[in-house]
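Notes follow the structure.
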Amino acid sequence: MMKTLLTTLFFITSLQAWATPTPEQPDRNEAEYNLDGQLGLKGFDPVAYFAEHGGEALQGNPNISAEYGNVVYRFASEDNRSTFLNNPTKYEPTYGGWCAWAMANRSFVDINPMLFTQNGNRMHFFISAGAKARFDNDLARREKDADDYFESQTGEKPRL
């Protein structure tokens, strides 16, 4: 009887340990983002960069902002703010706002928010025109390298 009870308890404990989910990778690891306090993208409007919304770097208005997680984004218009809030994962900068070229080369480097490349639903930022040109010249390979490094350092899967 005791042996059966111990075997049953062992089996239940083993099954419970097997069925317990492992912690998932974070959707967003804000601790690794390039922020000024809580301010993302140095105060530039993340929506305005996308071609369908003008495709240009616009300084956001401090009076038109939204907090997503613990990151504050500023917007040039209420329309852009609404667009962001309807799909924030599309409009957040890739690699937490760090330079995409540097990320592809295994490094975290600040950005110049005036230098960017859109690739589908992804917006990449760069520290210099040279870094942007080198990244753009072999975009698919550099993007994969940057994705792999960012995930290895932050646990955050790349947005696609």
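Residue numbers for the sequence shown follow the numbering used here, beginning at -4 and rising by one.
Note that beta-carbon positions come from the ideal geometry of N, C-alpha and C, so glycine has one too.
Just so it is clear, the structure is predicted and the values come from calculations on it, not from any experiment.
Residues of the same chain with a CB within less than 6 Å of the CB of F130, apart from the 5 flanking positions on each side, are A95, W96 and R137 in chain order. Counting C-beta pairs closer than 8 Å gives three or more between the segment 36 to 44 and the segment 97 to 114, which meets the contact rule.
Taking the Cα positions, T84 is about 24 Å away from N100. Y68 is the residue among A61, Y68 and N58 whose C-alpha sits nearest the C-alpha of D31. A Cβ-Cβ separation of about 25 Å leaves V104 out of contact with F79 under the 8 Å criterion. Take T112, set aside five residues on each side of it, and the residues of its chain with a beta-carbon closer than 6 Å to its own are H119 and D131, in chain order. For E27, the three-state secondary structure derived from DSSP is helix.
Separation of K139 and F145 (C-alpha to C-alpha, rounded to the nearest whole angstrom) is 10 Å. Here G55 is buried. Its C-beta has 16 or more other C-beta atoms within 10 Å. Within the same chain, I59, A61 and F70 come within 7 Å of R76 by CB-CB distance, once the 5 residues on both sides are set aside. Collapsing the DSSP output to three states places G150 in coil. Looking from the CA of H48, the closest CA among V66, N116, Y28 and G91 belongs to N116. Per DSSP, reduced to three states, the secondary structure at Y63 is strand.
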